[in-house]
Every structure is written in structure tokens, then in C-alpha cells.
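Residue numbers (numbering that gives the first Met the number 0), protein chains in the order written: chain R, 0 to 217; chain U, 0 to 124. Ideal Cβ positions, reconstructed from N, Cα and C, are used throughout, including at glycine. Some notes on the structure that comes next.
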Amino acid sequence: MTDTAATPTEHSAPGPTPDEMDGVDLETWGMGTNNATGVSNNKLGMWLFLGSDCLLFGALISTYLLMRHRGTGLGPQDVFDIPFTSVSSFVLLMSSMSMVFAVSAISRGEHQRLRLWLLVTSLLGATFIAGQFYEFTAFYNEGLGYTTNLFASAFYSLTGFHGVHVSVGIIMLMSLFFMSLTGRLSQERAETVEIVGLYWHFVDIVWVLIFTIVYLIP
Amino acid sequence: MSTATDTAGVDTHTDHDEHHPSDGTYWKVGAILGAITLAEISTYFIADPPYDHELAPLLIGSLLVMMVAKFAAIGAYFMHLKFDSPILRWAFIGGLVLAVGVYLVVLATFAFWDQGYEASLALLT
């Protein structure tokens, strides 16, 4: 790490000296690449966030595993519609694929293709959310409310939090889409798309876990 | 992806950019992920729930293996962990290992003192 408070004579940390940094535009300089690690600060920040988000989902999955067979009333076997959820899972998986093509497109400077893939990813994400909304409604109509039993509370909390993550991802994707449309997303800012992509893939891998642990091994 | 502009004589190059997979690789990984997902879903048609079936250990074991394989493939190829700086890999794996470790301990704790938990719950209700 460069000690920004150090004077040029005191400077001993690896990386550029303050004199060398004069006139450097961080925006075009990898948006703040840390010279000590060789890694973009923004990207490292997103990875650290994702690492910490593992703890959130770890807590929710553990709670679900503890609570799923406690209490009375409707349980997983009574309400789950595996063929329907399988289609939703497949849709979310395909959205991860379209996201990598969006990242790939902007790295080549293909803005039209970038917008197409961003739109496809958003639509697939929205389809997943619509499926989740339908699933929740169906469960509720079968008598499984949020406070019906411990299984219901744990299930809705886990999948609901995941749904919120997907929704936030869709908002970020649409923001990128409109930024690109208005010419504010140049090829030099490809890292921004990649960072949003990391978030999106994380949401997908969390669903990979939920689909197996919650739905397929109820 | 960050730019590789060498401004002020500083090596700002992040060496992963050139090593990201091609679109062809993404298609292949996507096809493999799709195939694994189909295999996962097929277990539902073999036995639902899987733990009631005579092949339960095999079915549940294969489901867990397929889950880990999908997780690893997405992380390695779509999230570029295989090609990016190791520091990013460790930032994520650190969180993941911490989460799995902490919650395995939590789950084990509840399993060991389950009787006590049930008893205290009965007292409360």
C-alpha cells in the first residue's frame, strides 16, 4: 500500500512516489489499481463483499437446515413443485452465461452486443423473480404463510433474501444498460461491467446451493 | 477489467486480462452446467424424496458432488477465479471457508444439544 501521507523524501513503500502520481488520472488508470497487489481496488472490494455475503447466506441456509423439520403443518414435501423450480434454476443459470457474454462484449468494445446481453440477462433474472413470486403465491394459497411454522419462516427468509439479491442485480444491470445507451460506459470502464457480473454470478452460485440443499434434498 | 495504461512509469498492468476465456469456452462451460443441471433434475424422477430410496446414499452423494462441480465451474470460469489474481481467489475462499466452518459448528452444536433445545422449547410453549 502506498502511504499517501508520506512526503517524497519519506516515501519508502512500494509503488509510485507522490511526484510520479502528479497528473495521473485514476479513472483511466484502472479505476484505482493498487500497485502493491496489482489488483483493482474496486474488484477486490467486490470480492471481499461476496466473501462476507457467504456468511449471510451461510446463516440463512444453516437456519433453514435446523428449522425445516421443526413445528407442525405443511412441510417441504407438501408444497415444493420441483419441475417448476428446475425451470427457474435453469433460467438463472442461463442468465449467468449471458452475463459473461456481456463482459466479453465490452472488453472487445462491442457496445451494441453489450446492451443486448445486458438486456437478455435482466430479462432472464426478471423471469426468475416472476417464477419466485408465483411460487410464493402458490405456497401461500396452499396455506403456507410466513409465520405458519418454522419451516415456512426459514424457507421464505432464505429464498426471499436471495430474491432481493437478484432484484438488486437486475437494477444494476439496467443501470449499466442505460449508461451504455447514453454513452457513459466506455470500453475503458469494462471493469464496472465485470464487477456487476461478479455479483450476478454470485447470486447464481448461491442458487446452485439452495436448489440442491433446499429443493432436491428436502 | 482494468486498463493496462503505463502512466508515470508505473506498471499498472493486471495480468489476467489476456487470459480470460474465449466465448467458445463459455459456451462449453454453459453446456456442461446445463447437462449437470439436467442430471440433477433427473434424480427427482428417480426418487422423490431421495433419502427414502434404496439408492439414497448414491443419489444424495451425486447431488452434492454435482452441486460442488457447478459451484466450482461458475466460480472458476464465469467469475474468472481460475485466471485472475490469487488474492481475489483467497478473498472469496476465505469468506466461504469461514462461513462453512462457522455454520458446521453451529449445526453440530444444535445437533449435540438438540435434546436440550427441544426441552427448553417445550418449557417456553
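Distance CB(residue i)-CB(residue j) smaller than 8 angstroms
i	j	result
Leu172 of chain R	Val195 of chain R	yes
Glu141 of chain R	Phe83 of chain R	no
Ile204 of chain R	Phe70 of chain U	yes
Ile86 of chain U	Val38 of chain R	yes
Ile73 of chain U	Ser121 of chain R	no
Phe77 of chain U	Val165 of chain R	no
Leu92 of chain R	Thr36 of chain U	yes
Gly70 of chain R	Phe150 of chain R	yes
Val101 of chain U	Gly57 of chain R	yes
Leu47 of chain R	Ala75 of chain U	no
Leu59 of chain R	Phe132 of chain R	no
Leu175 of chain R	Val163 of chain R	no
Leu49 of chain R	Gly94 of chain U	yes
Residues near residue i in its chain [Cβ-Cβ closer than 8 angstroms; skip 5 each side]
i	result
Thr62 of chain R	Ala153, Ser156, Leu157
Val90 of chain R	Leu123, Thr126, Phe127, Gly130
Ile81 of chain R	Tyr214, Leu215
Ile169 of chain R	Ser121, Gly124, Ala125, Ile128
His52 of chain U	Ile45, Ala46, Leu58
Thr42 of chain U	Pro49, Leu58, Ser61, Leu62
Ser208 of chain R	Checking the sequence, you will find Leu at residue 208 of chain R rather than Ser. Closer than 8 angstroms at the Cβ level, and outside the excluded window around Leu208 of chain R, lie Phe56, Ile60.
Interface partners of residue i on chain U, CB under 9 angstroms
i	result
Phe89 of chain R	Gly33, Thr36, Leu37, Ile40
Ile128 of chain R	Residues of chain U passing the Cβ test: none, with the nearest at roughly 19 angstroms.
Ala58 of chain R	Ala98, Val101, Tyr102, Val105
Ser103 of chain R	His19, Pro20, Ser21, Asp22, Tyr25
Gln76 of chain R	Asp47, Pro48
Leu43 of chain R	Ser84, Ile86, Leu87, Ala90
Ser179 of chain R	Ordered by position in chain U, no residue passes the 9 angstroms Cβ test against Ser179 of chain R, which lies about 15 angstroms from the chain.
Partners in chain U for residue i, counting only beta-carbon separations shorter than 8 angstroms
i	result
Thr36 of chain R	Ser84, Ile86
Trp46 of chain R	Leu87, Ala90, Phe91
Ile81 of chain R	Ile40, Tyr43, Asp47
Thr211 of chain R	Glu39, Leu62, Leu63, Met65, Met66
His200 of chain R	Ile73, Gly74, Phe77, Met78
Leu64 of chain R	Leu106
Burial state of residue i (16 or more Cβ within 10 Å)
i	result
Arg183 of chain R	exposed
Glu26 of chain R	Legend: pLDDT at Glu26 of chain R = 47, less than 50; position of this residue unreliable, value from coordinates given subsequently. So Glu26 of chain R counts as exposed.
Ile59 of chain U	buried
Thr146 of chain R	exposed
Pro49 of chain U	buried
Ala104 of chain R	buried
Val167 of chain R	exposed
Trp28 of chain R	Unreliable positioning characterises Trp28 of chain R in this predicted model, as indicated by a pLDDT of 46, which lies under 50. A coordinate reading is not provided.
Val102 of chain R	buried
Leu57 of chain U	exposed
Ile45 of chain U	exposed
Arg107 of chain R	exposed
Ser21 of chain U	exposed
Ser85 of chain R	buried
Phe79 of chain R	buried
Ala110 of chain U	exposed
Leu132 of chain U	The structure shown does not extend to residue 132 of chain U, since chain U is modelled only from 0 through 124, so no value can be given for it.
Asn202 of chain R	Note that residue 202 of chain R is Val in the sequence shown, not Asn. Classification of Val202 of chain R: buried, given that the 10 Å Cβ count is 16 or more.
Contact set for residue i: own chain, Cβ-Cβ below 7 angstroms, skip 5 residues either direction
i	result
Glu39 of chain U	Leu62, Met65
Ser88 of chain R	Trp206, Phe210
His200 of chain R	Ser95, Met98
Gly72 of chain R	Thr147, Asn148
Ala68 of chain U	Ile35
Pro217 of chain R	Pro75, Gln76, Phe79
His110 of chain R	Ser179
Gln186 of chain R	Ile105, Gly108
Ile31 of chain U	Ala72
Gly144 of chain R	Ala151
Per-residue contacts from residue i into chain U (C-beta, under 7 angstroms)
i	result
Asp203 of chain R	Ile73
Met96 of chain R	Tyr25, Gly29
Leu197 of chain R	Met78
Ser85 of chain R	Ile40
Ser174 of chain R	Under the 7 angstroms cutoff, chain U gives no residues; its nearest Cβ is about 19 angstroms from Ser174 of chain R.
Ser51 of chain R	Gly94
Interface residues of chain R facing residue i [CB-CB closer than 9 angstroms]
i	result
Lys27 of chain U	Residues of chain R passing the Cβ test: none, with the nearest at roughly 11 angstroms.
Contact list for residue i against chain R, beta-carbon separation under 7 angstroms
i	result
Val105 of chain U	Ser61
Leu97 of chain U	Leu54
Lys69 of chain U	Val207
Cross-chain neighbours of residue i in chain A, by beta carbon under 8 angstroms
i	result
Phe100 of chain R	Of the chains in the structure shown, none is chain A; the protein chains are R and U.
Nonlocal neighbours in the same chain, by C-beta distance under 6 angstroms from residue i, ignoring five residues either side
i	result
Leu197 of chain R	Met45
Arg88 of chain U	Leu80
Arg112 of chain R	Ala104
Leu106 of chain U	none
Stretch-stretch touch, CB-based, cutoff 8 angstroms, three pairs: the region 45-62 of chain R with the region 114-134 of chain R:
Fewer than three Cβ pairs drawn from the region 45-62 of chain R and the region 114-134 of chain R lie within less than 8 angstroms of each other, which leaves the two stretches out of contact.
The region 58-76 of chain R contacting the region 16-32 of chain U, beta-carbon criterion three pairs below 8 angstroms:
no
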